[in-house]
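Undergrad: In full-length UniProt numbering, the protein residues as written are 1 to 287.
For each residue, glycine too, the CB sits at the ideal point set by N, CA and C.
What follows is a structure written as structure tokens; I'll ask about it next.
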């Protein structure tokens, strides 16, 4: 019996490593569903694999062996993580974009999901450094107008130049120069990590600088981030939590963490649940 259990454990760990190679990252909650074992079992497997030097544990999961603060999974790897949470966040954040507004969307899989919701908002001017986000709006225009924008209320899309990252964002001096000359009503910002100590952070130094310019050019900063981003710290910080006007996240964020967020961020919106107003207004309940 013991030998069989050990064999099953090794088979499970092999599947975890295969998933890691294919997707560039794994999450504990997704592995529990796929392998039909407990959260504790998966965490024990990750501990074993980490001791063997075959992966590196990070908050909520694992990445290929590398410095976790500098590891940056590709777009396809990240897009498969927390999909339902990202869709909930996108729907909740989309109501913050008013018709005719000038908005900016950073790179990332959550802003990509948000872009798909924003194609229904008329007459937006959209500035983005994300190739994927720009493609969403262009595809929507082709579907609705056959390539012609006249009278359709479709978005005007401005794609910055720059050097492409693994996340399909355009960063660097070219992107920074373009962004500095612009002013947005609202910035929708995806992040690699968010924490009280490090603020907003990313593993890519050039992307941190470009995000810094995005934040500086926005009248309102809305961060869209699922609960697994909380407590994650990338190599480079680019904004403090106090620079964030609104955080839109999902219901997986623990209630005690929501209380900590209220100390730093004006407004917390929990997608799929109840929006929580400014920290100074304590009447709202997490319910």
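What whole-angstrom Cβ distance do residue 186 and residue 96 have, given they're in contact under 8 Å?
TA: Indeed they touch by this definition, with Cβ atoms about 6 Å apart.
Undergrad: State the Cα-Cα distance for the pair residue 254 and residue 36, rounded to the nearest angstrom.
TA: Rounded to the nearest whole angstrom, the CA to CA distance from residue 254 to residue 36 is 24 Å.
Undergrad: Pop quiz: residue 268 and residue 262 are said to be a contact at Cβ under 8 Å. What is the actual Cβ separation, rounded to whole angstroms?
TA: The beta-carbon distance between residue 268 and residue 262, rounded to whole angstroms, is 6 Å. This is short enough to meet the 8 Å contact definition.
Undergrad: Given a cut-off of 9 Å, decide if residue 266 and residue 245 are closer than it, judged by their beta-carbon atoms.
TA: Taking 9 Å as the Cβ cut-off, residue 245 and residue 266 qualify as a contacting pair.
Undergrad: So, at 8 Å on beta carbons, what are the nonlocal neighbours of residue 237 in its own chain, with the 5 sequence-adjacent residues on each side left out?
TA: 198, 199, 200, 201, 208
Undergrad: Residue 111 and residue 133: beta carbons closer than 9 Å?
TA: yes
Undergrad: Per DSSP, which residues does residue 137 bridge with? Please list them.
TA: The partner list for residue 137 (beta bridge, DSSP) is empty, contrary to what the question assumes.
Undergrad: Considering only C-alpha positions, which residue in the set 226, 250, 23 is nearest to residue 192?
TA: 226
Undergrad: What residues are listed by DSSP as bridge partners for residue 164?
TA: 170
Undergrad: So is residue 99 buried or exposed if we call it buried at 16+ other beta carbons inside 10 Å?
TA: exposed
Undergrad: Work out the CA separation of residue 211 and residue 174 for me, nearest whole Å.
TA: 13 Å
Undergrad: Looking only at DSSP bridge pairs, what is residue 35 linked to?
TA: Beta-bridge pairing links residue 35 to no other residue.
Undergrad: Residue 164 to residue 58, Cα distance in whole Å?
TA: Between the alpha carbons of residue 164 and residue 58 lies a gap of roughly 25 Å.
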